[in-house]
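Asks: Numbering of the sequence shown is given in numbering that gives the first Met the number 0, commencing with residue 0 and proceeding in unit increments.
Idealized CB from N, CA, C, for every residue including glycine.
The structure under discussion is supplied below as structure tokens; questions concerning it will follow.
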Amino acid sequence: MNRVMHLLRGTVALRASGPFPERLMNLCALNRVDFWGVEWSGEHTLHFTIFRRDRARTQELAQRVDCTLEEAGRLGLPYFLGRFRTRYTFLAGLAAALLSVTLLSSLVLTIQVTGNEKVPTAVILSELDRLGLRPGVFGPGLDRGSIAQSAILGLEDIAWMTVNLHGTRAEVIVREAVAAPELAPEKGFCDILCEADGMVEKVEALEGEALVQPGDMVLQGEVLISGVVSMEPPQYSGLPVRYYQTRARGRVYARTWRTLTAQIPLQAAVKSYTGEEKTLWSLTVFRHRVNFYENSSISWATYDKIKKEHPLQLPQAGLLPVRLTAETVRAYEISAVGVDRDAAQALLEDQLLKQLEQKIGEDGEVLSTQFSVRENGQMLEVSLRAECREEIGREQETGPDPRVQQEENDNQ
């Protein structure tokens with residue numbers, strides 16, 4: 000510890016010569032001048048070391064005892080820095096470096112978001128940027144509690160958020176809201192209508208009155224399960240049929256036959272690169288961009304631009320708001336070429352099968368498929384005829400039924 004203090008304060012090694020140099024040591028002790036390392040090198044010469052601040056005081060004491068002082072060496076930080084007092088560029092750079100370290104240590108350089116699964120990180124960072132939390136802001140001046148509360152109000156799928164500051168890294172911890180289950184509507188009336196033409200195979204009427212039976216052929220838009228239920232009176236009672244209305248619920252499974260069609264051009268535009276290209280470099284620090292090119296104008300009519308970013312990343316600190324960007328521009332010409340007919344047909348068939356699966360849903364089943372191909376001018380047309388088994392019912396909201404209203408009026 001003493002060695003470190005000596006280096007920070009600076010020390011001077013002296014050689015004292017005179018008739019009685021030991022008297023100088025006595026005067027130093029009486030005047031509280033610290034010294035150490037006393038060694039005799041002759042009958043009238045001794046060596047010792049003092050602090051830099053006591054150099055002038057020791058010279059005065061040496062004159063009082065007729066001793067001559069000579070410096071044998073200097074050591075310590077003050078003497079090291081003193082060598083650069085005329086090197087203004089170095090001093091300016093040192094001051095700038097110290098200022099940069101002091102300033103940057105108070106800025107937010109990286110933002111880390113954890114705890115999100117459904118909400119994209121980019122959406123959260125965009126909302127925080129709007130509220131003032133972004134790379135380059137003064138960290139101690141942030142009202143982190145207010146930012147977190149405002150972000151929760153701006154992000155519907157976030158239920159809780161906290162912002163922690165760890166030096167130059169801002170840690171954002173979020174908890175996503177649990178979506179409420181979708182509840183089936185309980186009010187109002189509806190019918191179950193047919194969504195696709197087909198032959199009914201199975202009817203599951205949970206509420207309402209089924210109007211079709213297995214084996215019936217149905218058309219799109221036809222009512223399968225009615226929300227108006229008829230109640231037959233007792234036999235020979237002479238009473239009229241009564242009606243009441245509800246929300247129809249149930250499923251109707253049927254065998255359906257669907258036809259889907261897709262087209263694709265027989266000729267396609269293809270890029271042919273000419274070999275001309277240029278690369279434009281730029282450096283972005285926080286939100287300030289510095290371009291390393293003078294003229295960015297591009298004389299080519301058609302070109303591709305490929306952008307590659309090289310962000311600066313420190314270990315265990317994430318990405319810093321400093322990135323080097325290279326934009327490569329490549330010129331090309333467009334020419335029309337014929338497409339591979341077999342490949343185009345296979346592409347359309349795959350698209351039609353995916354479209355069919357979307358229409359019949361997860362519970363549907365494809366029983367058979369048949370494709371037909373024809374050329375229509377410059378277009379290749381592929382048609383899909385498929386036999387499926389699927390649930391064809393869909394709910395359709397309805398208003399009050401006149402028969403039910405008439406019966407209520409008669410009862411009143």
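Taking only runs that begin and end inside the stretch 331-367, name each unbroken alpha helix (DSSP H) of 4 or more residues, in chain order.
Replies: 340-359
Asks: What span of residues does the beta strand (DSSP E) with His287 cover, start to end?
Replies: Start and end: 287-290.
Asks: Below 7 Å between beta carbons: does that hold for Arg143 and Val162?
Replies: yes
Asks: Just grab the DSSP bridge partners of Pro213 for me.
Replies: DSSP, once it has assigned bridges, lists no residue as partnering Pro213.
Asks: Is the beta carbon of Val107 sitting closer than 7 Å to the one on Gly81?
Replies: no
Asks: Looking only at its own chain, which residues have a Cβ that is under 6 Å from the Cβ of Thr283, when we skip the five neighbours before and after it?
Replies: Arg322
Asks: Over what stretch of residues does the beta strand (DSSP E) that includes Glu170 continue unbroken?
Replies: 168-175 is the extent of the beta strand (DSSP E) around Glu170.
Asks: Are Gln395 and Leu192 closer than 7 Å when you measure CB to CB?
Replies: yes
Asks: Note down, in chain order, each residue of its chain lying with its Cβ closer than 7 Å to the Cβ of His43, except the 5 sequence neighbours on either side.
Replies: Ser16, Gly17, Pro18, Pro20
Asks: For Val171 and Ser105, what's the separation of their Cα atoms in angstroms?
Replies: 18 Å
Asks: Just checking, does the stretch 92-104 make contact with the stretch 37-56 on the three C-beta pairs under 8 Å criterion?
Replies: no
Asks: Quick test of the definition: if touching needs 3 or more C-beta pairs under 8 Å, does the stretch 366-382 touch the stretch 343-353?
Replies: yes
Asks: With Asn115 as the anchor, note down where its alpha helix (DSSP H) starts and where it stops.
Replies: Element bounds for Asn115: n/a, residue is neither H nor E.
Asks: Where in the stretch 0-58 do unbroken runs of the beta strand (DSSP E), each at least 3 residues long, occur, reported from the N-terminal end onward?
Replies: You should have 10-16, 34-41, 44-50.
Asks: Below 8 Å on the Cβ atoms is my contact criterion, and I expect Ala150 with Leu130 to pass it. Report the Cβ-Cβ distance as a whole number of Å.
Replies: 6 Å
Asks: Taking C-beta to C-beta, are Tyr302 and Val328 nearer than 7 Å?
Replies: yes
Asks: Using 8 Å as the cut-off, can you tell me whether the stretch 224-238 makes contact with the stretch 274-288, which would need three or more C-beta pairs spanning the two stretches below that distance?
Replies: no
Asks: State the CB to CB distance for the pair Gln266 and Ala335, rounded to an integer number of angstroms; the pair is presumed to be in contact (CB under 8 Å).
Replies: 5 Å
Asks: Please return the same chain residues whose Cβ sits closer than 6 Å to the Cβ of Val112, not counting the five positions on each side in sequence.
Replies: Thr120, Ile123, Val171
Asks: For Met160, does the count of other Cβ atoms within 10 angstroms reach 16, so buried, or fall short, so exposed?
Replies: buried
Asks: Taking the alpha-carbon positions, what's the Glu386 to Cys189 distance?
Replies: 29 Å
Asks: Please go through the same chain and pick out, in chain order, the residues whose beta-carbon is closer than 7 Å to the beta-carbon of Gln354, but skip the five residues on each side of it.
Replies: Same-chain partners within the cutoff: Leu259.
Asks: Taking the straight line between their C-alpha atoms, what separation do you get for Gly114 and Ala147?
Replies: 14 Å
Asks: What would DSSP say about Glu221, mapped onto helix, strand or coil?
Replies: The answer is coil: DSSP assigns Glu221 none of H, G, I, E or B.
Asks: Could you name the residues that DSSP lists as bridge partners for Thr255?
Replies: Gly197, Cys387
Asks: If the criterion is Cβ atoms closer than 7 Å, does the pair Ile391 and Val251 meet it?
Replies: Yes.
Asks: Could you check where the beta strand (DSSP E) with Leu130 kicks off and where it finishes?
Replies: Run containing Leu130: none; DSSP gives neither H nor E here.
Asks: Rounded to whole angstroms, what's the CA-CA distance from Val177 to Lys186? Just pull it up for me.
Replies: 25 Å
Asks: To which residues of the same chain is Arg14 closer than 6 Å at the C-beta, ignoring the five residues directly before and after it?
Replies: His46, Glu69, Ala71
Asks: Check Leu238 in the structure and name its three-state DSSP category.
Replies: coil
Asks: Closer than 6 Å by C-beta to Arg54: which residues in its own chain qualify, once you throw out the five before and the five after it? Chain order, please.
Replies: Val11
Asks: Can you tell me where the beta strand (DSSP E) holding Thr397 begins and where it ends?
Replies: 392-397
Asks: Our contact map puts Gly414 next to Gly249 with C-beta atoms below 8 Å; I'd like the distance itself, whole angstroms only.
Replies: Nothing in the structure corresponds to residue 414, since the chain is present only between 0 and 411.
Asks: Strictly by DSSP, which residues pair up with Ser271?
Replies: Glu332
Asks: Closest to Ser271 by CA distance: which of Glu308, Glu332, Met230 is it?
Replies: Glu332
Asks: Between the C-alpha atoms of Tyr67 and Val32, what's the straight-line distance to the nearest angstrom?
Replies: Here residue 67 turns out to be Thr, not Tyr, going by the sequence shown. Cα-Cα distance, rounded: 17 Å.
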